[in-house]
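J.: Quick one: structure below, then a few questions.
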Amino acid sequence: MASIANSTKLTIGSFKTVPRMISPFVTRFGVGGFCTPNLAIANLTVRKSFASCAFPPAECEDADYAFEMMSSTLRCGNGVTSEIGFDVQNLGSKNALIVTDKNVTKTRAFKEVAASFARLRLSFAVFDEVKCEPSQQSIQKAIDFARAKNYDCFVAVGGGSVIDTAKVAALYASNCESDFLDFVQKPIGKGMIPKHPMLPLIAIPTTAGTGSETTGAAIIDIPEKQCKAGIRLRCIKPFLAIIDPLNVKSMPRNVAVYSGFDVLCHALESYTAKPYKMRSPRPLRPDARPLYQGSNPVSDVWVREALRVIEKYFRRSIFDPEDEEARTQMLMASSFAGMGFGNAGVHLCHGLSYPISSQGKSYFDPDYSKDHALIPHGLSVVCTAPADFLFTTVADPKRHLEASQLLGSALPSTASTDLIANTLADQLRAFMSDFGCPNGLAKMGFDRRDTDSLANAALNSFRSNPISPRETNFDSIASIYEQSLKVY
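Numbering of the sequence shown is given in the working numbering, commencing with residue 13 and proceeding in unit increments.
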């Protein structure tokens, strides 16, 4: 693994690297990294590609010709959580904030973090009021808490909801003059670029699923809009992710199942996303290149490996919770997929999931919450996946064939588009059936009368993230929702 001091970012066009400069902000905290000087560059990790205009035209008119690859530093191994105190100390932190939830405060992961801080006599506070599937209201509470004191470092201990909340709190704590919707993507928010870099964030995942520890995205439920919206900025990637298999041994069964489905869909969506050379319009400046750029050769390496791991270990990790090898491998697959989709992006499964989890008000899962209705993120993502890939396969049969083969099918290279689509959909249905997942949206409280409302809300996701391999519209999205009322 690369050390923090050697963490780099690459901009690729015709596979040539570009110049890099050390950022004064990064070195001030004792963390090596490369970026442009912080002259009004709010996005810490946006780098200018000085050779941008030297590359040949892209494959379609006005499309991009380059992609940028960046990731958090990963530190992996049993027990590495205990090293967190040294990382915070090396940042020169005088007042750290640990972001978590009340359930995680009872776990080994949180106790190891607190003990590591105590051994080095580091000053810290704890915000433990993160909500599962965070909303504008719950995240605003975290922002207010973070702004109240002069915290100089953030540590997220928990699943994707915790890590996303910490990202947003750390960003807004360093941009105190900004309103909540300033950095939320259009059309829900204003899509502004921050004036100041996010404060340093270290992420310690306790679920094997979201990959949030490696990405520059945070997802927020906006109840008044009946949908979810995202903040997608390179500057909110944690600079360090601590991947400790001991932290996921105690995951409840359904948390492991739905987290695993999140990994699966991250990998499939990244691999089948519109290729970066087909994404348009081409940015006028390199710092305008979006975080989600489309499938690319580097992201492909990570997500192919994630799919191989899922094929071998996903079922094992669920059917035998004591299978340490399987749980460890699924945690690694989560980060692998995060490295891939964090730069390539996701499309239909995730875009259609946000209205489901936002509008679902009658489904209860005891492994998540006993006192209020909640559709877990991974469940909302996978429930449309069979219909999603039936729809997208025609746009790129070869990619979908390869994805199916990585998941264990014996499809020949001569397979028809219909056979590829149906085989991949059946593989997804088999996972859902084997794990006893709710059989479609109807089992989560939806019916045909809800498909229009879901489709209207989903359209906003695609306006801000147009990398689906096949164009969508209201009718096609509504049809996918209707097909997903019953899955298997």
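C-beta atoms are modelled at their ideal positions from N, C-alpha and C, and glycine is treated no differently.
Computed from a predicted model, the values in this text were never measured in an experiment.
Identify the residues that DSSP records as bridge partners of Ile234: which are they?
T.: DSSP output for Ile234 lists Cys239 as bridge partner(s).
J.: Counting only the same chain and skipping the five closest in sequence on each side, list residues whose C-beta sits under 6 Å from that of Ser15.
T.: The predicted position of Ser15 is uncertain, since its pLDDT is 40 and thus under 50; no value can be drawn from it.
J.: Tell me which residue opens and which closes the alpha helix (DSSP H) that Cys88 is part of.
T.: First-last for Cys88: Thr85 to Cys88, but that is the beta strand (DSSP E), not the alpha helix (DSSP H).
J.: Check the C-beta distance from Ala220 over to Val174 and give it rounded, since I have them as a contact under 8 Å.
T.: In fact, because the Cβ distance is near 14 Å, the residues do not count as touching under 8 Å.
J.: At which residues does the alpha helix (DSSP H) containing Met204 begin and terminate?
T.: Here Met204 belongs to no alpha helix (DSSP H), and DSSP marks it neither H nor E.
J.: From Asn266 to Ser488, what does the alpha carbon distance come to, in whole angstroms?
T.: Asn266 and Ser488: Cα-Cα distance of roughly 30 Å.
J.: Comparing alpha-carbon positions, which option in Leu423, Tyr270, Thr463 and Ala78 lies nearest Val390?
T.: Here residue 390 is Gly; the residue named in the question, Val, does not match the sequence. The shortest Cα separation from Gly390 among Leu423, Tyr270, Thr463 and Ala78 belongs to Tyr270.
J.: I'd like to know whether the C-beta atoms of Leu471 and Phe486 end up nearer to each other than 8 Å.
T.: In contact: Leu471 and Phe486 (Cβ atoms closer than 8 Å).
J.: Can you list, in chain order, the residues of its chain whose CB lies under 6 Å from that of Pro481, leaving out five sequence neighbours each side?
T.: Correct list, in chain order: Thr284, Lys286, Thr404, Ala407 and Asp408.
J.: I need the boundaries of the alpha helix (DSSP H) containing Leu502, first residue and last residue.
T.: A question about residue 502 goes unanswered here, because the residues of the chain that appear run from 13 up to 500.
J.: Would Glu483 and Cys361 qualify as a contact pair, given that the criterion is a beta-carbon distance under 8 Å?
T.: No, these two residues do not count as a Cβ contact at 8 Å.
J.: Pull up the distance between the alpha-carbon of Leu252 and that of Thr85, whole angstroms please.
T.: Cα to Cα, the separation comes out at about 5 Å.
J.: Measure the CB-CB distance between Ala181 and Val111 and report whether it falls below 8 Å.
T.: Yes, they are a contact pair.
J.: Checking 8 Å against the spacing of the C-beta atoms, do Lys261 and Arg339 come in under that value?
T.: Against a cut-off of 8 Å, the Cβ pair of Arg339 and Lys261 comes out as a contact.
J.: Whose C-beta lies closer than 8 Å to the C-beta of Glu336 among residues of the same chain, with five residues either side of it excluded?
T.: Same-chain partners within the cutoff: Pro257 and Lys261.
J.: Is the Cβ-Cβ distance between Ser105 and Ser128 less than 8 Å?
T.: No.
J.: Are the beta-carbon atoms belonging to Asn102 and Asn162 less than 8 Å from one another?
T.: Not closer than 8 Å, so no.
J.: Grab me the residues of Ala279's own chain with a C-beta within less than 6 Å of its C-beta, minus the 5 sequence neighbours each way, in chain order.
T.: Around Ala279: Val315, Ala318, Leu319 and Ala349.
J.: Verify whether the separation of the beta carbon atoms of Asn187 and Pro206 is less than 8 Å.
T.: Yes. Within cutoff.
J.: With DSSP as the reference, please indicate the residues paired to Leu252 in a beta bridge.
T.: Beta-bridge pairing links Leu252 to Thr85 and Ile214.
J.: Of the residues Gly97, Ile151, Ala178 and Ser224, which one's Cα is nearest the Cα of Asp191?
T.: Checked all of Gly97, Ile151, Ala178 and Ser224; the closest Cα to Asp191 is Ile151.
J.: Check for me: the beta strand (DSSP E) holding Cys165 runs from which residue to which?
T.: From DSSP, the beta strand (DSSP E) with Cys165 extends over Cys165 to Gly170.
J.: In its own chain, which residues sit with a C-beta less than 6 Å from the C-beta of Val310, not counting the 5 before and 5 after it?
T.: These residues qualify, in order along the chain: Met81.
J.: So Val393 packs on Ser416, CB below 8 Å; how close in whole Å?
T.: With a Cβ gap of about 18 Å, Val393 and Ser416 do not count as contacting.
J.: Measure the C-alpha to C-alpha separation of Tyr380 and Thr119 and round it to an integer number of angstroms.
T.: Cα-Cα distance, rounded: 15 Å.
J.: Would you please state the rounded distance, in angstroms, between the beta carbons of Ala229 and Leu303? I believe it to be under 8 Å.
T.: Sure, about 7 Å apart at Cβ, within 8 Å.
J.: Can the beta-carbon of Gly170 be found less than 8 Å from the beta-carbon of Thr222?
T.: No.
J.: Compute the beta-carbon to beta-carbon distance between Ser369 and Lys240, rounded to the nearest angstrom, for a pair I have assumed lies under 8 Å.
T.: Yes, they are in contact, since the Cβ atoms of Ser369 and Lys240 sit about 7 Å apart, within 8 Å.
J.: Specify the secondary structure class of Pro287 as computed by DSSP and reduced to three states.
T.: In this structure, Pro287 counts as strand in the three-state DSSP scheme.
J.: Assuming Leu453 contacts Tyr493 (C-beta within less than 8 Å), just tell me the rounded distance between them.
T.: Confirmed, Cβ separation roughly 7 Å.
J.: CB-CB under 7 Å to Leu418, same chain, minus the five flanking residues each way: which ones, in chain order?
T.: Arg316, Leu319, Arg320 and Glu323, listed in sequence order.
J.: Go through its chain and collect everything with a Cβ distance to Arg291's Cβ below 7 Å, but skip five positions before and after it.
T.: Counting only Cβ-Cβ distances below 7 Å, and skipping sequence neighbours, we find Ala75, Asp76, Gln305, Gly306 and Ile479.
J.: Would you mind stating whether Val11 and Ala154 have Cβ atoms separated by less than 8 Å?
T.: Residue 11 lies beyond the residue range present for the chain, which begins at 13 and ends at 500; the question has no answer from this structure.
J.: Please classify Ser416: does DSSP put it in a helix, a strand, or coil?
T.: Reduced to three states, the DSSP call for Ser416 is helix.
J.: Between which two residues does the beta strand (DSSP E) holding Val100 run?
T.: Not the beta strand (DSSP E): Val100 falls in the alpha helix (DSSP H), residues Ile96 to Asn102.
J.: When you compare the CB positions of Gln197 and Ile232, do they come within less than 8 Å of one another, or not?
T.: No, Cβ-Cβ distance for Gln197 and Ile232 is not below 8 Å.
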